[in-house]
Amino acid sequence: MINLPLLPLLIPLITGVILMLFPNRLRLQRTFSLISTFLTIVAAVYLVYRVRQDGILTVTLGSWPAPFGITLVSDMLSALLVLTTSLLVFFVVWYSIYYLSDLHQRFYYYIAVQFLVVGVNGAFTTGDIFNMFVFFEVFLISSYVLIVLGGKPAQLRESLKYLLINVISSALFVMTVAFLYGIIGSLSMADISQKITDINQPGILSVIAVLFLIVFGLKGAIFPLYFWLPGSYQVPPTPVLALFGALLTKVGVYGILRTYSLFFSHQQEFTHQILGWLALATIVIGVIGALATRDVKQILIYNIIVAVGVILYGVSVMTRQSLEGAVFYLIHDMLIKAALFLLIGVMIGIAGSSRLKDMGGMIKDYPLLGWTYFIAALSLAGIPPLSGFIGKLLIVRGGFEAGDLVGPFIVLISSLLVLYSVMQIFIRGFWGTPKTYSGPKRHLMKQLLAPALVLVAITVLYGVGTEAVRPFIAQAVDPLVDPSIYIQAVLKED
Amino acid sequence: MEIIMAIAAGILTMCAVYLILSKSVLRIIIGTGLLSHAAHLLVMTMGGLKTGAAPVIKDGITQYTDPLPQALVLTAIVISFGVTAFFLVLAYRAYQELGTDNLEEMKGTDTHD
Numbered sequence: 000m001i002n003l004p005l006l007p008l009l010i011p012l013i014t015g016v017i018l019m020l021f022p023n024r025l026r027l028q029r030t031f032s033l034i035s036t037f038l039t040i041v042a043a044v045y046l047v048y049r050v051r052q053d054g055i056l057t058v059t060l061g062s063w064p065a066p067f068g069i070t071l072v073s074d075m076l077s078a079l080l081v082l083t084t085s086l087l088v089f090f091v092v093w094y095s096i097y098y099l100s101d102l103h104q105r106f107y108y109y110i111a112v113q114f115l116v117v118g119v120n121g122a123f124t125t126g127d128i129f130n131m132f133v134f135f136e137v138f139l140i141s142s143y144v145l146i147v148l149g150g151k152p153a154q155l156r157e158s159l160k161y162l163l164i165n166v167i168s169s170a171l172f173v174m175t176v177a178f179l180y181g182i183i184g185s186l187s188m189a190d191i192s193q194k195i196t197d198i199n200q201p202g203i204l205s206v207i208a209v210l211f212l213i214v215f216g217l218k219g220a221i222f223p224l225y226f227w228l229p230g231s232y233q234v235p236p237t238p239v240l241a242l243f244g245a246l247l248t249k250v251g252v253y254g255i256l257r258t259y260s261l262f263f264s265h266q267q268e269f270t271h272q273i274l275g276w277l278a279l280a281t282i283v284i285g286v287i288g289a290l291a292t293r294d295v296k297q298i299l300i301y302n303i304i305v306a307v308g309v310i311l312y313g314v315s316v317m318t319r320q321s322l323e324g325a326v327f328y329l330i331h332d333m334l335i336k337a338a339l340f341l342l343i344g345v346m347i348g349i350a351g352s353s354r355l356k357d358m359g360g361m362i363k364d365y366p367l368l369g370w371t372y373f374i375a376a377l378s379l380a381g382i383p384p385l386s387g388f389i390g391k392l393l394i395v396r397g398g399f400e401a402g403d404l405v406g407p408f409i410v411l412i413s414s415l416l417v418l419y420s421v422m423q424i425f426i427r428g429f430w431g432t433p434k435t436y437s438g439p440k441r442h443l444m445k446q447l448l449a450p451a452l453v454l455v456a457i458t459v460l461y462g463v464g465t466e467a468v469r470p471f472i473a474q475a476v477d478p479l480v481d482p483s484i485y486i487q488a489v490l491k492e493d
Numbered sequence: 000m001e002i003i004m005a006i007a008a009g010i011l012t013m014c015a016v017y018l019i020l021s022k023s024v025l026r027i028i029i030g031t032g033l034l035s036h037a038a039h040l041l042v043m044t045m046g047g048l049k050t051g052a053a054p055v056i057k058d059g060i061t062q063y064t065d066p067l068p069q070a071l072v073l074t075a076i077v078i079s080f081g082v083t084a085f086f087l088v089l090a091y092r093a094y095q096e097l098g099t100d101n102l103e104e105m106k107g108t109d110t111h112d
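Going line by line, the protein sequences match chains A and B.
Residue 0 is where the first sequence starts when you use numbering that gives the first Met the number 0, and the numbers rise one by one after that.
Residue 0 is where the second sequence starts when you use numbering that gives the first Met the number 0, and the numbers rise one by one after that.
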């Protein structure tokens, strides 16, 4: 199985192509996408197992040797992210079967989801910087389709803006790759990482590092490039929002993580300091937004921005401990954000509105939903036995050990305010005077709650089983701390 | 030669930024077209513009131009072509539904689900 790293890309790709043949056979569409996403999970689990056994796996497409052909690289980080992506998509597909109207599903919805998975998994797996651009475009174009599907006026309006922002950032990506190619003369990430230290042009390389920060920051919504996110994420239906909130911004974060550990280690006091300050500003902006709004969707959307800031703060410190924390928190956040979006989707389905003033006293009629949400909210804030704790602990400890006294405090205070913002939903939505609800999806409560419950259970397991997960995370951080492991695995110099 | 091309790409970017900052959707789409032109021109320029034969293998020719940037540009062109087509159709639909092509009038945070 030398082509194993390709499997999580090929399965959704082939499924997407097959599904195009019969867009109107809904039952077949659903079974096919469920089976294929399940197969993707199986492939991803096996991939993680093999990477754990044999170290970094590489596939050189067409057997062209490494710097000349395109290489796909599965190290532990990308394998874990591919596994998390496949898991999430399975639950979101399961959820959308009940949540979305038949008409909505008929218009190539599952096909767009499959291609989104191809793009995201590809971006996590690729070892070539231009190939990464292509995979970015694959999932962006799928996301354009998903965000506008339904064609309501607000969706058309906001997707115009979303599209424009991403067209600009894609053009910037191409320009940045052109600059990098002009200086290094190579596109393979391992080869660039090797040559970038020999070339010794710190000035221009720092400029390119900042350009990459702008490009990936636009995808990942860091301060001050987050402005498009609250509006755009408000309009798509909740399952799509769960996909976007859990996956798309995290690909930008992964891009920063990869380029800043692999390429730009020559002038850390400049580039990583910029990243650190921007990450802290991102946390502050996200927290302010989450506290200011009284709309359940908006509260969680601003919490995406907070999480991006926390992860990137861990990346900017660049010690082993903080990077471990960042990877822990990255995976935790992908899982818990998807679970929370699925849960508030049920709430919106019951109340028929996403405003908190239209909700109240839900705990009386829907206790299971309420307490699941409660656990998920505690987990998001990082209460000890749950999954958000260990990542934040490592990030904060790493920050203190690196001698930073401001950053860790901002991270800690942000946890408190994040807890306050999500507890607003619990206090106002679930407690208070009960109301009679006439939302359109009340009768589907049980079917909708099932995938969300399983996803919350997985995050609880991820938190409780930290000891079991730790060696995998440690292996994922190895090539980030020491790029020569990555370079050697790809270029095979021995 | 590279300097002239760099200036040309710069002017294209300048016009693109100016157009993207305007209010009308169509002007913005023209701006994104210019922006992708600028990016493609930059890729070609950064690969180096030294003289050589077209990258097709023939007997008796030893010096070729760099084939890699040409392949990159070809990929980027089709991608931006696809996105622009989608953008134009989206703008058309938005004009039909919203009755305006002025971005200043496309405001509001009403929720739809």
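We put the beta carbon where it would ideally sit given N, CA and C, even for glycine.
Sequence-distant partners of alanine 153/A (beyond 5 residues in either direction) whose C-beta falls short of 6 Å from its own C-beta, in its chain, are Val234. In chain order, Phe114, Val117, Gly118, Gly121 place their CB closer than 7 Å to the CB of valine 137/A, counting only its own chain and leaving out the 5 sequence neighbours on each side. In this structure, arginine 92/B sits near leucine 155/A, with a CB-CB distance shorter than 8 Å.
A direct Cα-to-Cα measurement between proline 433/A and tyrosine 109/A gives close to 37 Å.
About 19 Å separates the Cβ atoms of methionine 444/A and alanine 376/A, ruling out a contact at the 8 Å cut-off. Listed by position along chain A, the residues whose Cβ is nearer than 9 Å to that of leucine 89/B are Tyr143, Val147, Leu155, Ser158, Leu159, Leu162.
Under the criterion of beta carbons closer than 8 Å, phenylalanine 178/A and proline 450/A do not qualify as touching, at roughly 44 Å. For leucine 479/A, same chain residues with a beta-carbon under 6 Å away, outside a window of 5 residues either side, are Ser260, Leu322 in chain order. Counting every other CB atom within 10 Å of its CB across the protein chains shown gives arginine 469/A a total below 16, marking it as exposed.
Residues of chain B with a Cβ closer than 7 Å to the Cβ of glycine 285/A do not exist; the shortest Cβ-Cβ separation is about 17 Å. Here tryptophan 93/A is buried: its Cβ has 16 or more other Cβ atoms, across all protein chains shown, within 10 Å. Taking the Cα positions, leucine 87/B is about 7 Å away from isoleucine 28/B.
Within chain B, the C-beta atoms nearer than 7 Å to that of glutamate 136/A come from Ile78, in chain order. Where leucine 56/A is concerned, the enclosing beta strand (DSSP E) starts and stops at 56-59. The continuous beta strand (DSSP E) containing leucine 71/A extends over residues 70-73. In the structure shown, the three-state DSSP call for aspartate 100/B is coil. At a Cβ-Cβ threshold of 8 Å, leucine 490/A and alanine 78/A do not count as neighbours. For the region 172-200 of chain A, the residues whose beta carbon sits under 7 Å from a beta carbon of chain B are, in order, Val173, Met174, Ala177, Phe178, Tyr180, Gly181. Taking 8 Å as the threshold, the shortest C-beta distance from threonine 74/B to chain A falls below it.
Under the Cβ criterion of 8 Å, threonine 61/B is not counted among the residues facing chain A.
Listed by position along chain A, the residues whose Cβ is nearer than 7 Å to that of isoleucine 27/B are Leu163. For isoleucine 3/B, the enclosing alpha helix (DSSP H) stretches over residues 1-19. Take the alpha-carbon of arginine 427/A and the one of isoleucine 362/A: they are about 11 Å apart. In the displayed model, alanine 52/B falls within a strand according to three-state DSSP. Against chain A, a Cβ distance below 9 Å from threonine 50/B picks out nothing, because the smallest value is about 18 Å. Short of 8 Å from the beta carbon of leucine 334/A, and not among the five residues preceding or following it, lie these beta carbons of its own chain, in chain order: Thr83, Leu86, Leu87, Ala245, Ser386, Leu454, Ile457, Thr458, Tyr461.
In the three-state reduction of the DSSP assignment, tyrosine 461/A falls in the helix class, which pools H, G and I.
When 7 Å is used as the limit between beta carbons, proline 152/A is near these residues of chain B: Glu96, Leu97, in chain order.
Contacts between alanine 467/A and chain B, judged by CB atoms closer than 9 Å, are missing: the closest CB pair is about 38 Å apart.
Interface annotation, isoleucine 167/A: in contact with chain B, CB-CB separation under 8 Å. Its Cα nearest to that of methionine 346/A, the residue Pro238/A stands out among Leu148/A, Pro238/A, Ile55/A. With a 10 Å radius around the Cβ and a threshold of 16 neighbouring Cβ atoms, proline 383/A comes out exposed. Going by C-alpha positions, serine 231/A is about 16 Å away from alanine 289/A. Annotated three-state conformation of aspartate 58/B is coil, per DSSP. DSSP places histidine 442/A outside any alpha helix (DSSP H), giving it a letter other than H or E. By DSSP's assignment, arginine 354/A forms a beta bridge with Asp294/A.
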